[in-house]
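Chemist: Input: one structure, supplied below.
Residue numbers (my numbering), protein chains in the order written: chain Z, 480 to 639; chain C, 46 to 292.
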């Protein structure tokens with residue numbers, strides 16, 4: 480299937496608005512997350528430095544708790560975008576009638592949801608990359624003396 | 046052939062279609078007439094499988110599914126084009142999705158009506174949008190062309206042009222099922238008239254038969270609708286009498 484056959488049947492301007500809009504929201508979310516984590520890590524290191532070498536910084540799972548909840552917010556945004564794309568077929572005309580007369584019954588839904596699903600997947604990939612960056616910052620920038628024992632990442636806590 | 050067998054459809058307690066049976070043969074231009082709310086649109090939407098119904102509708106002996114629905118095209122006053130796209134994009138879409146798409150007919154009709162194919166359809170006037178809607182239905186290459194009041198909002202000259210084009214391009218194997226209020230305008234080119242009233246077929250007659258009987262289509266419809274000629278004068282009289290009594 481060609482990419483153009485997976486896009487909503489609207490003008491290119493509308494499609495680019497969707498891509499740029501959701502892309503910008505994604506970047507703002509990721510940048511904000513990065514800023515907050517950097518601040519928290521700096522604060523932890525600063526506090527550890529003030530106290531003594533015996534003071535450990537917070538566990539990474541504590542520092543990352545709920546930090547990727549933005550993925551869920553973005554998922555909601557993408558679902559709304561898909562629903563909005565669906566209503567394009569009822570706006571200004573009832574072009575849904577035409578979509579109901581083509582042989583591929585899934586095409587209408589593919590055209591509504593491919594773009595949001597694609598944007599969400601990008602968000603997921605970038606978030607996982609960001610998580611890797613956070614873990615790397617935590618493990619590499621923290622002097623070993625301040626590091627608590629590392630037991631790996633509890634993925635569920637990232638969202639809660 | 047489209048066979049409509051004992052089709053009923055209700056919206057809550059309101060019966061939109063009540064045990065409708067009708068055959069639509071190939072090569073006919075059929076006019077579907079009835080007052081607002083009589084069930085014309087519901088009947089057409091049932092044929093197209095857009096709504097659920099009781100009964101059976103067969104297209105060449107088979108139930109209408111996504112496999113054979115391409116044999117039906119549809120033009121509606123609600124419009125079914127993609128308003129954001131231009132005519133060229135529609136041509137591409139139809140070429141890709143309807144194997145039988147008649148590109149030459151599409152281009153020829155667009156040229157005849159002087160429709161700009163590089164402008165989003167939403168930017169065209171209502172009359173041009175109606176024209177475009179009908180052009181798509183005629184160019185799809187369907188065996189059965191269903192039209193639900195496609196000229197509503199179009200001016201008379203615009204409609205006349207269309208009737209001429211319709212008569213000129215429709216081929217023997219193509220069938221037009223046209224729902225309209227414009228009885229007199231279409232009476233010159235339809236081959237059969239179907240009347241629907243309160244969800245029931247109350248008339249189904251060929252125009253040849255009407256001519257043999259020396260009845261006009263308008264009279265036939267009035268007769269089958271039990272239209273009272275003096276209805277308006279009676280109502281006015283009642284109103285005047287009421288006013289006089291109040292005085």
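Glycine included, C-beta positions come from ideal geometry on N, C-alpha and C. None of the values given here were measured: they were computed from a predicted structure.
Show which residues of chain C have a CB atom less than 7 angstroms away from the CB atom of residue 581 of chain Z.
Modeler: 142
Chemist: Mind checking whether residue 609 of chain Z and residue 512 of chain Z have CB atoms under 8 angstroms apart?
Modeler: yes
Chemist: Which two residues bound the contiguous beta strand (DSSP E) that contains residue 164 of chain C?
Modeler: Careful: residue 164 of chain C lies outside any beta strand (DSSP E) and carries neither H nor E.
Chemist: In angstroms, rounded to a whole number, what distance separates the CA positions of residue 564 of chain Z and residue 174 of chain C?
Modeler: 22 angstroms
Chemist: Give a yes or no on whether 8 angstroms exceeds the smallest Cβ distance from residue 488 of chain Z to chain C.
Modeler: yes
Chemist: Is it right to say residue 562 of chain Z is buried, meaning 16 or more other beta carbons lie within 10 angstroms of its own, or is it exposed?
Modeler: exposed
Chemist: List the endpoints of the continuous beta strand (DSSP E) containing residue 237 of chain C.
Modeler: 237-242
Chemist: So with Cβ pairs under 8 angstroms, would you call residue 493 of chain Z a contact of chain C?
Modeler: Interface criterion met: the Cβ of residue 493 of chain Z is under 8 angstroms from a Cβ in chain C.
Chemist: Enumerated in chain order, which unbroken segments of the beta strand (DSSP E) with a length of 3 residues or greater are wholly contained in the segment 158-233 of chain C?
Modeler: 189-193, 220-224
Chemist: Of all the CB atoms in chain C, is at least one closer than 8 angstroms to the CB of residue 573 of chain Z?
Modeler: It does; some Cβ of chain C falls within 8 angstroms.
Chemist: So with CB distances below 8 angstroms, who are the chain Z contacts of residue 123 of chain C?
Modeler: Neighbours of residue 123 of chain C on chain Z, chain order: 572, 573, 576.
Chemist: Please tell me whether residue 111 of chain C has its Cβ less than 8 angstroms away from any Cβ of chain Z.
Modeler: In terms of beta-carbon proximity, residue 111 of chain C lines the interface with chain Z, with at least one pair separated by less than 8 angstroms.
Chemist: Where does residue 67 of chain C sit, in a helix, a strand or coil, going by DSSP?
Modeler: Taken through DSSP and simplified to helix, strand or coil, residue 67 of chain C comes out as strand.
Chemist: How would you write the range of the alpha helix (DSSP H) that residue 517 of chain Z sits in, first residue to last?
Modeler: Secondary structure note for residue 517 of chain Z: its alpha helix (DSSP H) is the uninterrupted segment 491-529.
Chemist: May I ask you to list, following chain order, the residues of the segment 149-174 of chain C that have a beta carbon less than 9 angstroms from some beta carbon of chain Z?
Modeler: 165, 166, 167, 174
Chemist: Which chain C residues sit within Cβ distance under 8 angstroms of residue 584 of chain Z?
Modeler: 111
Chemist: According to DSSP, is residue 115 of chain C part of a helix, a strand, or is it coil?
Modeler: helix
Chemist: Mind checking who residue 579 of chain Z pairs with in its DSSP beta bridge?
Modeler: Per DSSP, none; premise fails for residue 579 of chain Z.
Chemist: Suppose contacts are defined by Cβ-Cβ distances below 8 angstroms. Is residue 572 of chain Z in contact with residue 128 of chain C by that definition?
Modeler: yes
Chemist: Would you kindly work out how many angstroms separate the C-alpha atoms of residue 72 of chain C and residue 559 of chain Z, rounded to a whole number?
Modeler: Roughly 46 angstroms separates the two Cα atoms.
Chemist: Give the C-beta separation of residue 263 of chain C and residue 228 of chain C to the nearest angstrom, bearing in mind that I take them to be a contact with Cβ-Cβ under 8 angstroms.
Modeler: 5 angstroms
Chemist: Please check if any C-beta of chain Z sits within less than 8 angstroms of the C-beta of residue 89 of chain C.
Modeler: no
Chemist: So residue 182 of chain C and residue 143 of chain C are supposed to be a Cβ contact under 8 angstroms. How far apart are they, rounded?
Modeler: The pair is not a contact, with the Cβ atoms about 11 angstroms apart (cut-off 8 angstroms).
Chemist: By a C-beta neighbour count over all protein chains shown, 10 Å radius and 16 as the cutoff for buried, is residue 194 of chain C buried or exposed?
Modeler: When all chains shown are included, residue 194 of chain C counts as buried.
Chemist: So, does the segment 152-163 of chain C touch the segment 49-59 of chain C, judging by three or more C-beta pairs under 8 angstroms?
Modeler: no
Chemist: Using a 10 Å radius around the Cβ and a threshold of 16 neighbouring Cβ atoms, would you call residue 525 of chain Z buried or exposed?
Modeler: Label assigned to residue 525 of chain Z: exposed.
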